[in-house]
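Counting from 613, one number per residue, gives the positions in the sequence shown under the numbering used here.
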Amino acid sequence: MSTKHQKSVQASGKNDNGQEVKLVHQEAYQGPLPHPDLLVKYEEIIPGSAERILSMAEKEQQHRHQLENEVIKKEIAQKGRGLNFGFTLALLIIVIGAYLLIIDKSLQGFSLILGSIAMIIAPFFFNKNNNQNK
613 MSTKHQKSVQ
623 ASGKNDNGQE
633 VKLVHQEAYQ
643 GPLPHPDLLV
653 KYEEIIPGSA
663 ERILSMAEKE
673 QQHRHQLENE
683 VIKKEIAQKG
693 RGLNFGFTLA
703 LLIIVIGAYL
713 LIIDKSLQGF
723 SLILGSIAMI
733 IAPFFFNKNN
743 NQNK
């Protein structure tokens, strides 16, 4: 909920020297609530409406905060699932590599083990470099 309010007042006349003088007063307001002048007018028309409008704005803010908290919680859970999946996959590849070593397939076994270890370690190096660049 956002409201905009603009008010412009113009007056013209002549000063003591007979010169034309023009006065312009312009006011602009934008925010989640009506301009205080408008809020007073609402209250005059419908008693209690100002309180209702404020209550509505508070509920809207509370709702937005709740949505933001839910989004943050879901992002944290998603990252956690990704870490768990990656760890499980790397562990499975290491186990398969160990099995290949046991059955005398040393080249394939070492390749799988070293590749999965590199897959686990690489993000730490890339993440460290990214943090140093900032």
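We treat Cβ as the ideally placed atom computed from N, Cα and C, and that holds for glycine.
Please read these numbers as outputs of a predicted model, since none were measured by experiment.
Shown here, Gly-643 sits in a strand according to DSSP, grouped into three states.
Between Ile-708 and Leu-724 the beta-carbon gap is near 6 angstroms, inside 8 angstroms, which marks them as a contact. Gly-698 and Asn-681 have their C-alpha atoms spaced approximately 26 angstroms apart. Residue environment for Ile-665: buried (at least 16 other C-beta atoms within 10 angstroms of its C-beta). One Cα belongs to Gln-674, the other to Ala-734, and the distance between them is close to 41 angstroms. Taking the Cβ atoms as the reference, Gly-625 lies roughly 6 angstroms from Val-633, within the contact range of under 8 angstroms. Looking at the DSSP output, Leu-635 bridges to Ala-623.
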